[in-house]
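Q:
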Amino acid sequence: MTDNVTPYVGSAAGNRGYMRRFLNLEPINLLWALLFLVLIVLVVGPIGFLIKVSFQEGGNGSFTLDNYLEAYGRWRYLQALINSCLLGACTALLCVIFAVPMAWAVSRTNMPAKWFAWASVLGAFILPPYLTSIGWILIAGPNSGWLNEGWRWLTGAETPLFNIYSFFGIVLMIALNAFPFIFLFTKAGLDMISTEMEEAAAILGSPTWYTSLKITLPLVWPSILGGIIIVFLESIALFGVPAILGIPARINLVTTQLFQFFGYPFKMEVAAAYAMPLLLITISLIWVQRLLLNRKGFVTQTGKGGERRELDIGKWKWVLLAWCGFVGALAMYLPGYTMVVASFSEAWGKGMSASNLTLANYYDVLFVSRLTQEAIVNSFYFAGVAACGALTIALCVAYVVTRKLVPFANVLAFLCMAPFVIPGIVLAIGFYAAYAPPPLGLYGTSAIIIVAFIARFLPISYGTAAAGMRSINPEMEEAVRVLGGGRLTAIRYVVAPLLKKTLFAGFLLVFIPATRELSAAIFLVGPSSRVMSVLIFDMTEEGRFEAVAAIGCIILVTTTFFVWLGFKLVGRDFMMRTNH
Amino acid sequence: MHYTRLAAAVLGAFVATGASAQTSTDELYEKAKAEGEVTWYVAQFTTSIAEDIGQDFTNAYPGVNVNVIRATGQVVYSRLAQDLRNGVAQADVFSGSDQTHLISLKEEGNLLQFSPENGPKLRKPYLDFEPDGYWYTTSANPTVMAYNTDLVTAEEAPTNWTGLVDPKWKGKVAMSHPGFSGSTGSWAVLMRRLYGDEFFEQLEANDPLIGRSLSDPPNTLVAGERAIGIGTLATVTRLKNAGNPIEIIYPEDGAKLTLSGTAIPANAPHPNAAQLFVNYLLSERASDLMVTYGLQPMRPEVAPPPGAKAIDEINLASPTQDELINGVQPVIELWRRVFGA
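Here the protein sequences come in this chain order: A and B. Read in order, the letters of the first sequence are residues 1 to 580 in this note's numbering. Read in order, the letters of the second sequence are residues 581 to 921 in this note's numbering.
(1) Going by Cα to Cα distance, which pick from B:Y714, B:K889, B:V644, B:L856 is closest to R818 (chain B)?
(2) In three-state terms, what does DSSP make of I912 (chain B)?
(3) Hey, does M539 (chain A) have any beta-carbon neighbour from chain B nearer than 8 Å?
(4) What does R370 (chain A) touch in chain B if you count any residue whose Cβ is under 7 Å from its own?
(5) Looking at C-beta atoms only, is the number of pairs between the segment 828-847 of chain B and the segment 737-751 of chain B that lie closer than 8 Å three or more?
(6) L789 (chain B) touches chain A at which residues, Cβ-Cβ below 7 Å?
(7) Does the Cβ-Cβ distance between T515 (chain A) and I555 (chain A) come in under 8 Å?
(8) Taking DSSP as the reference, what is the three-state secondary structure of T800 (chain B)?
(9) Over the uninterrupted alpha helix (DSSP H) stretch that includes L176 (chain A), give me the two end residues.
(10) In this structure, how does DSSP classify Q624 (chain B) when only helix, strand and coil are distinguished?
(11) Under 7 Å, CB to CB, which of the residues in the segment 438-459 of chain A have a partner in chain B?
(12) How long is the line joining the alpha carbons of V121 (chain A) and I139 (chain A), rounded to whole angstroms?
(13) Going along the chain, which residues of the segment 866-883 of chain B sit with their C-beta nearer than 9 Å to a C-beta in chain A?
(14) Going by the beta-carbon positions, is the gap between Y621 (chain B) and S675 (chain B) smaller than 8 Å?
(15) Tell me where the alpha helix (DSSP H) around L483 (chain A) begins and ends.
(16) For chain A, is any of its Cβ atoms less than 8 Å away from the one on H850 (chain B)?
(17) My guess is that L238 (chain A) and I164 (chain A) are in contact by the Cβ rule of under 8 Å, so how many angstroms apart are they, rounded?
(18) Give every residue of the same chain whose Cβ lies closer than 8 Å to the Cβ of F507 (chain A), excluding the five residues on either side of it in the sequence, and list them in chain order.
(19) Can you tell me whether A601 (chain B) is buried or exposed, with buried defined as 16 or more other CB within 10 angstroms of its CB?
(20) Name, please, each residue of chain A whose Cβ falls closer than 8 Å to the Cβ of D796 (chain B).
(21) Taking buried to mean at least 16 other C-beta atoms within 10 Å of its own C-beta, is E542 (chain A) buried or exposed?
(22) Out of B:M878, B:A807, B:Q679, which has the shortest C-alpha to C-alpha gap to S898 (chain B)?
(23) Report, in whole angstroms, the separation of the C-beta atoms of N786 (chain B) and L731 (chain B), which I expect to be a contact under 8 Å.
(24) Between the Cα of V426 (chain A) and those of A:P439, A:A455, A:A33, A:V406, spot the shortest distance and give me the residue it belongs to.
(25) So M870 (chain B) is in the beta strand (DSSP E); what residue range does that whole segment cover?
(26) For V570 (chain A) and chain B, any beta-carbon pair shorter than 8 Å?
(27) How big is the Cα-Cα spacing for K836 (chain B) and F453 (chain A)?
(28) Evaluate contact between the segment 129-144 of chain A and the segment 44-60 of chain A, counting only Cβ atoms and requiring at least three cross-stretch pairs below 8 Å.
(29) Does the separation of the CB atoms of A479 (chain A) and M339 (chain A) fall below 8 Å?
(30) Could you please give me the residues that DSSP links to L934 (chain B) through a beta bridge?
(31) Is any beta-carbon of chain B found at less than 8 Å from that of I554 (chain A)?
(32) Below 6 Å CB to CB, which residues in the same chain sit around P885 (chain B) once its five sequence neighbours on both sides are set aside?
(33) Cβ closer than 7 Å: which chain A residues qualify as neighbours of T626 (chain B)?
(34) How should Q373 (chain A) be labelled, buried or exposed, when 16 other C-beta atoms within 10 angstroms of its C-beta is the threshold for buried?
(35) Between L278 (chain A) and chain B, is the shortest Cβ-Cβ distance under 8 Å, so that the two count as touching?
(36) Strictly below 8 Å CB to CB, what residues from chain B border G263 (chain A)?
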């Protein structure tokens, strides 16, 4: 249909077609060029420079391989790589243990109060991992955490029950934040299979647990594996938890090692070389994941055609419900509650009592300290601008791509999705290498952070925008054009109003994570462009957990508000429609 | 890179000749008001103290605001080094906690030579830290030990640094990381001289909790997370005076004292406000304020803080400048090798 109206498509046009294209330049062609340029700046530039500086000598810029020799020439640095991979694997395993029973319970069984599981998942999304860690330091500090104090008091033991400053502590913190990925993937997989096979097994006398293990689980295995890959990648690219827990525990990870290269003596070139495995692992695993999820090998996974019946699992439903609550408590309620209490305390070590109650932390953070005031304003300002920017670019590209207005539009789509395979911290190093030094000299400015945020969250925006655009039939715009309106009129009066919901969802989906982003910000902030996440990280080094908790609670409250707003205006599932 | 440094050096020389003729404070204030602000890279004081000092400066000199950029010694220097490398001028005043940074900045021609009115009015031991006028002593904060009085009695408490590596404190020691904290770096240089590389191996075996800043361990002690640890005299004194269960240990083998200077980068965007601010840091008013935080006063007119010994009563041990220049980076490397991170 489109092809009949738009003269710009149709490959048969040949040479004369190209000529005509140049003569009748519609604004849309300029837009294409502009978008292409913008995406070069956002995506190609940083990665190009990242690779380039990794082969350059610091200072004079001549070609060298020394950066690679230095980055991989010490056992400690290699150890960090191994530690990170191990961390990713353990975290993924723990996430499976957390999330697969939950997903199975919600999708297949007659477990009551399924919203309970959803609440846990949502809670994990709301609390960023570095805040979960801070809450847990107060819970499970080896000597002072109330969990360990209680344990000692109960048992008279010398050793703590659980030391948060440990490898397992880091694994647990990341898993508590990342298990929703596996939950969503597994649930999506389970929702696609009909129950007929399970019923067949039941008729043949197989007990429920045996059927679930031997029939259901293998069917959703590709989905679980897809989730595992995402969790693995999230874990190895995370900065906050390794820095807050790993440095005191003396566990070196790739991201904290990168941070060290960005310290003194400053070795950005070595950092670039050292970031390569992170980039390569991510690209190849995402590729594997796509293969897994696109494989249509199972005839059973053919949409929702089959009959689905909830399994009656008897008393076990209560066990599963308790499990959902337990995971939620670990992920959200316990650390959240502890943080709220600490934020109202004079000294977190003193415990809860009237004499320890104070509003001073909030007063300091909100009204006295210029640092925190600035950081709060910056966080929302950067996130807002980045969300609008990413959305604008994504919408333009989605429009051009779905309406097939120009040739090679898919290149734009590809560039929009490319940051998905670039870990945030690697992207930040790329931005630093490309735009911090002269001639652009964006070092330490707000601009470099905003632009990096746009690039980081562009795939999310594009996913939302493209989905929204596909849902609008082009016939409506064509009607406008038949009646003599230009394309811009069609966009203004037809497309934009129809996309309102998409626009809003797209904004929030970037805005919320951008207000708390740490990995992409840590190398890019300057004196006047600090954000809350970085400030929290800086403040943990002075052990001022009460003030940190107060800022944490501000993040918590605002995030909850925006998520609520999203539910209200966009729909219940807007956070869960991850396009991973 | 070389070009930038050269330019900075030339610029510095120009500004220096301009400023070396002592400008009166009033004149400086007028020019500073036109500049409106001063950006302070600081490691010597904790965030809240630095902000309070900045606020007090603005109260004293309305119209000149202070942007506080606080980080640990190594981190704040790395930031300044990145600024210089990128040819960006952001820092007006640099208060690091590792002397060697000041020395290399001076040698590379990146510092402004200046002579604030209050420069010659400091206490005696702080006067001749830098005879050429590239920086002035703004902090003399000894590194001491401390213990939590709820968990440890005065008799049990260790009396010198080797207590940190005594196996009886295994799992109960709070430390900070020389790779981040400047003062911890010079402390580690001293420990290496006194007790050799084995000291770090024994310390590692004691499983300490390692913060990034030297302000972290005392807070860890107050929270009851660890029983003994290191810290700056000022932080421990302040926490103690606020009624927290913490007591100072003056190690018999000598508290570590390294003076910390404040300098002005040659490319400071607000050089007049910067000079006014450094002059304020050296004033009686600033010393009065610092004492309330347990810090040592820079001025002889101001009495040392209560609850702590005065500097001249403390048995001190200090690494020399040469030891620091040649020792800090290697000891950080040693630390990372021994501790694995």
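Note that CB positions come from ideal geometry on N, CA and C, so glycine has one too. The structure displayed is predicted, hence computed values, not measured ones.
A: Result, derived from the coordinates:
(1) B:K889
(2) helix
(3) yes
(4) E631
(5) yes
(6) Y165, P248
(7) yes
(8) helix
(9) 167-191
(10) coil
(11) P438, G441, Y443, G444
(12) 21 Å
(13) none
(14) yes
(15) Careful: L483 (chain A) lies outside any alpha helix (DSSP H) and carries neither H nor E.
(16) no
(17) Going by Cβ atoms, the distance from L238 (chain A) to I164 (chain A) rounds to 16 Å, so no, they are not a contact pair.
(18) A387, C388, L391
(19) Below a pLDDT of 50, predicted positions are generally treated as unreliable, and A601 (chain B), at 42, falls in that range; no measurement from the model is reported.
(20) E541, E542, G543
(21) buried
(22) B:Q679
(23) Actually they are not in contact, since the Cβ atoms of N786 (chain B) and L731 (chain B) sit about 16 Å apart, beyond 8 Å.
(24) A:A455
(25) Element bounds for M870 (chain B): not the beta strand (DSSP E) but the alpha helix (DSSP H), 864-872.
(26) no
(27) 44 Å
(28) no
(29) no
(30) In the structure displayed, chain B extends from 581 to 921; residue 934 (chain B) sits before or after that span and is not available.
(31) no
(32) T817, V871, G874
(33) E542
(34) exposed
(35) no
(36) Q654, V655, S658, G759, F760
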